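K.L.:
Residue numbers (the numbering used here), protein chains in the order written: chain V, 1 to 305; chain B, 1001 to 1305; chain A, 2001 to 2305; chain X, 3001 to 3305.
(1) Taking residue 2276 of chain A as the query, report the chain V residues whose CB atoms sit under 7 Å from its CB, ordered along the chain.
(2) Report yes or no: do the stretch 2277-2292 of chain A and the stretch 3006-3021 of chain X share at least 3 C-beta pairs separated by less than 8 Å?
(3) Is there at least one Cβ from chain X nearer than 8 Å to residue 1253 of chain B's Cβ?
(4) Determine whether the beta carbon atoms of residue 2064 of chain A and residue 2104 of chain A lie at a separation below 8 Å.
(5) For the beta strand (DSSP E) containing residue 1277 of chain B, name the first residue and the last one.
(6) Taking Cβ-Cβ distances shorter than 7 Å, what residues in chain B pair up with residue 3246 of chain X?
(7) Determine which residues of the stretch 2111-2134 of chain A have a Cβ less than 7 Å from any Cβ of chain X, and write them out in chain order.
(8) Is the separation between the beta-carbon of residue 1944 of chain A and that of residue 2176 of chain A shorter than 8 Å?
(9) Pull up the CB-CB distance for residue 1194 of chain B and residue 120 of chain V, whole angstroms please, since I reckon it's below 8 Å.
(10) Decide if the stretch 3204-3217 of chain X is in contact with the stretch 3236-3250 of chain X; the criterion is three or more beta carbon pairs, one per stretch, under 8 Å apart.
(11) Look at the alpha carbon of residue 3089 of chain X and the alpha carbon of residue 3018 of chain X, and state the distance between them as a whole number of angstroms.
(12) Check whether the stretch 2112-2129 of chain A touches the stretch 2141-2160 of chain A, counting contact only when three or more Cβ pairs, one atom from each stretch, lie closer than 8 Å.
(13) What residues in the stretch 1225-1246 of chain B have a beta carbon less than 8 Å from any beta carbon of chain X?
(14) Would you say residue 1197 of chain B reaches chain V, if we count a Cβ-Cβ gap shorter than 8 Å as a contact?
(15) With DSSP as the reference, identify every bridge partner of residue 2006 of chain A, one or two as the case may be.
(16) For residue 2173 of chain A, tell me which candidate among X/3160, X/3026, X/3130 and X/3261 has the shortest Cα-Cα distance.
(17) Which residue wins for smallest C-alpha separation from residue 2038 of chain A, given the options A/2060, A/2059, A/2056 and A/2066?
(18) Between the beta-carbon of residue 2222 of chain A and the beta-carbon of residue 2265 of chain A, is there less than 8 Å?
(19) Does the beta carbon of residue 1249 of chain B sit closer than 8 Å to a beta carbon anywhere in chain A?
(20) Which residues in the same chain as residue 184 of chain V place their Cβ atom closer than 7 Å to its Cβ, once the five residues preceding and following it in sequence are excluded?
(21) Got a sec, what are the start and stop residues for the alpha helix (DSSP H) residue 1041 of chain B sits in?
(22) By Cβ distance below 7 Å, which residues in the same chain neighbour residue 2156 of chain A in space, the five residues on each side in sequence not counted?
(23) Give the straight-line distance between the Cα atoms of residue 11 of chain V and residue 34 of chain V, rounded to the nearest whole angstrom.
(24) How would you call residue 96 of chain V, buried or exposed, if buried means at least 16 neighbouring beta carbons within 10 angstroms?
(25) Would you please state the rounded distance, in angstroms, between the beta carbons of residue 74 of chain V and residue 100 of chain V? I believe it to be under 8 Å.
(26) Who are the neighbours of residue 190 of chain V on chain B, taking C-beta pairs under 7 Å?
(27) Just how far apart, CA to CA, sit residue 3085 of chain X and residue 3071 of chain X?
(28) Could you name the residues of the same chain whose beta carbon sits closer than 7 Å to that of residue 990 of chain B, not counting the 5 residues immediately before and after it, in chain order?
(29) With hydrogens ignored, establish whether the beta-carbon of residue 2160 of chain A is closer than 7 Å to any heavy atom of the ligand GTP.
(30) Give me the Cα-Cα distance between residue 1137 of chain B and residue 199 of chain V, rounded to the nearest whole angstrom.
(31) Apply the 10 Å Cβ neighbour rule to residue 3015 of chain X and answer buried if 16 or more other Cβ atoms are within range, or exposed otherwise.
(32) Taking C-beta pairs closer than 9 Å, name the residues in chain C that residue 136 of chain V reaches, listed in chain order.
(33) Helix, strand or coil: which one does DSSP assign to residue 1287 of chain B?
(34) Do you know how far the Cα of residue 3058 of chain X is from the Cα of residue 3082 of chain X?
(35) When DSSP labels each residue in this structure, what does residue 2097 of chain A get in the three-state scheme?
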């Protein structure tokens, strides 16, 4: 997902250099004017370095390599990954020891959302760093929110994913109710998506709900992990979460039943089974709301929720 | 809420005649070119009659007066209210006895949503009637969904309101979590509203969440009623609703504690209390996403959720 | 279930006359010294009349026949059935018009519990009537509780059944957890039954849980009805019921999946399926705690929970 | 809680030696014929050593001291504490290295339950060790259940505490419902306790529920810890726990509201508040079912749930 972000910045006229573990992925950005680095450390002399990695361990590892040389470090480091607050704090400390200011800036959206120009970011870290980088961050998508010091944005992203889990399960419940009563799923979701309750998420999840295409974009295992991060945060901070807690259990059931490699839209199928209803794919075109030209009936396996 | 709809049609160049129990309300539409009827029955000779009333009893009563004369009845009757499937079926039968085709067409949105041109409708009834009236319905807002025969759209609207209740309570849970951890509510909601999880609803509910303005637009009593209609439908149709059921109970608590006359955004305040957190109004400007010019800091008491 | 109660009173030396729709059932009590009436009205001249019927409609019908003659009515009427508060109040009014004092006295336990001498009763009605009849009520089982005026005991019985539903579902959850981790069900339930959490109910339900004998004693449909009576009472009285509400949905799922004619112990099987676990009968002897001599490995289909 | 257990064994005629961190506590057992050891290691030469400690860390520490000398170790070690499976496995390994067979044998009940002779134990470890020690274990209370190899009994105890938490919260829900409808709490609980749903637990918890005596026997913090151990086990083993998950959140609310030092019966008070009901102590005698002579109106702060 770093690729479309780098491309956006390059196309906007900035000088961009990219590094990826798989060098070919970085090289694929050349047509957009992106240069390729051989090593994370090669980026250390730049003004601003963005990281977008798969998990906390990767962030630790990449930033160690980036900041390995005390004599050379970027002025700013911005991480857009979804990682733990602990890993984020560790990177902040290491960055500080190099004189590098750090922003934690996880995103809402997947690669297709980036390409549609609709990504949003939630940022935490020093206010003055945010103020200085805001124009640059704004170029990544359509909206940037600053929520405070330190690693608060990590919790904001977890909260976002709790809402995503709750909405998915409750959407499964009402969709099965509507369909078992006689409505085509596509028609019902067309209404919801265009109602005041519709969101970018409900729209881009609709093709999977309608066609029962469970090619994974985000799995029940990953969603359960986010639920558990959220429940742990709620315990530490001291907040009861009655609805979130209830939405976690169907996800746990999906995992327990071995539906671990499918998209978390499998919640719809399990909800139908719980209602004694044999759900079937509907073979109709569904607008995913991201408006890309030439979209075929199947989304490619993606990078995110 | 019928007023802004009538106005839209009139401003689009159609010939519109309005009747309201309080005649002054109908007369207020004169500047938009709307004529005023003295009696529901005066509308009976028109091609299409729309009804927008407060509840099932009013729909029964108004359509009895509209269809009182067997010699004169409109060709089409379209009800945009939120009423029970039973009342809707009763009106359909009466309309049929007069040769009037009936569409059940409840809406998603409130008066401000109508004026912003963002209303959506969910429609059920005879397919050919829908096809004939679709261009007219499309003039009422930005989207029209057809979900099937009979009163199915009534259930679709209930499902919509179940999602609304679930989202409100889970938004309360994550907002209290985010705030107790240190985020300003306005900043956190700014992120959610602009994320893939943001909806027209989360945006226009944000001013109440941020400023704790509990001027009612929709009360816990009404929301509980919709939850109960939904749970009753789920029992009849045979669908377990684990998350919906869990979201109902905080609403029940609000009612039990006598918070019956306040906006259902009171769920945020009760959630904060459950977390032992003293929530306070934040006196900052909040975008409600409906983009009306000259919007002041307080929304007027509205008509809907 | 009236039969073992009548037998207890007769064996205690009281003069007992019985009426049953199926006369053979009443006649079967003759060895215990019970006389048989041909008509409900034949009981009208006695001091105390007990009713034990299947539902509200039967109670209304039987008491109409019992109290049909204004010239002749029992001094006391005691209903031990599980019926609605509305039906109970109606019978109270009719009884009062005949000068008959009425006690609502639903019971906890089934026929086997009665025979083991372990029945308990919860009673409401005029305090002085209760005081006068208490010695007689005490002969029916091992405990009598008086909870107040009017029909309060009906709600007490519903509350009892809500607890029964919650305990059954949570027992299903922890039993599947224990078994999937490696414990034999019989061993785990032996511990629970003998722990401080064990109840007469957990003990007499254990044979069904261990052997997966789903011969109905009480069905998911009836349990859901009690849940709904409880949720309706909670709405009227104003009490949120978070755990009760969550326990209702698996029962709803059982009904939705067509498991309507089996014992409500089917909740265990559905919980195992939700956990992706293939549960199998364990063919071992299980103590049901009711200690009847000569109990074979299978309980007969019973009368109650 | 080790004290009444040691006393039982000594009074049964066995030779018992006790050690306690606070020597005076061990010495208080002298009248029952219990000898006192100065050091855990002084017990190493005995046949069977029982441990009953507060938590995992204490078990590790005490068994390290007991098994410190490779030349001297008991034949059997039986731990009756509630500790983690991890700590239990660690002790098992250390014991094995000394040739000591280990049984994990947590208990259900508190000190008063022990004195009433009503304790039950759930045991795991080598089957032959269990068979050899069963007569001794049976002397500790009224029932011993063997659930399998290794540390399975630890999970059994956690499952027991999950049920305890669910029953407490659902008892709070139905008790508030019954009381708000007009029943005295003492009367309602008298019915439940004597019904088929009554357990030793519901009975000995009733004085706290009736008199609102929140002197801690077990706190919301400890109960939440057990819920979290249970939810973690359920995740690892793969079982959804819808009702258990919903019962955890009111406990979390109690902790969040700072009700951390009170008895977990505070759930009743919080449930009443959620229902907008001002609950008051009822100053009536309540049978706790443990039948000790001379029981005064207040239970002493105890040791367990």
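In this text, a Cβ means the ideal position worked out from N, Cα and C, and glycines have one as well. The model shown is predicted, which means the values in this text are computed figures rather than measured ones.
P.N.:
In short, the structure shows the following:
(1) 256, 257 and 258
(2) no
(3) yes
(4) no
(5) From DSSP, residue 1277 of chain B is part of no beta strand (DSSP E); its letter is neither H nor E.
(6) 1246
(7) 2113, 2120 and 2122
(8) For residue 1944 of chain A there is no data in the structure shown, the boundaries of chain A being 2001 and 2305.
(9) 4 Å
(10) no
(11) 24 Å
(12) yes
(13) 1242 and 1246
(14) yes
(15) Residue 2006 of chain A is not bridged to any residue.
(16) X/3160
(17) A/2066
(18) no
(19) yes
(20) 282
(21) Per DSSP, residue 1041 of chain B belongs to no alpha helix (DSSP H) and is neither H nor E.
(22) 2122 and 2147
(23) 9 Å
(24) exposed
(25) 6 Å
(26) 1145
(27) 27 Å
(28) Nothing can be reported for residue 990 of chain B, as the shown portion of chain B is limited to 1001 through 1305.
(29) You won't find the ligand GTP in this model; it holds no ligand whatsoever.
(30) 23 Å
(31) exposed
(32) Going by chain labels, chain C is absent from the structure shown, which instead holds the protein chains V, B, A and X.
(33) coil
(34) 11 Å
(35) helix
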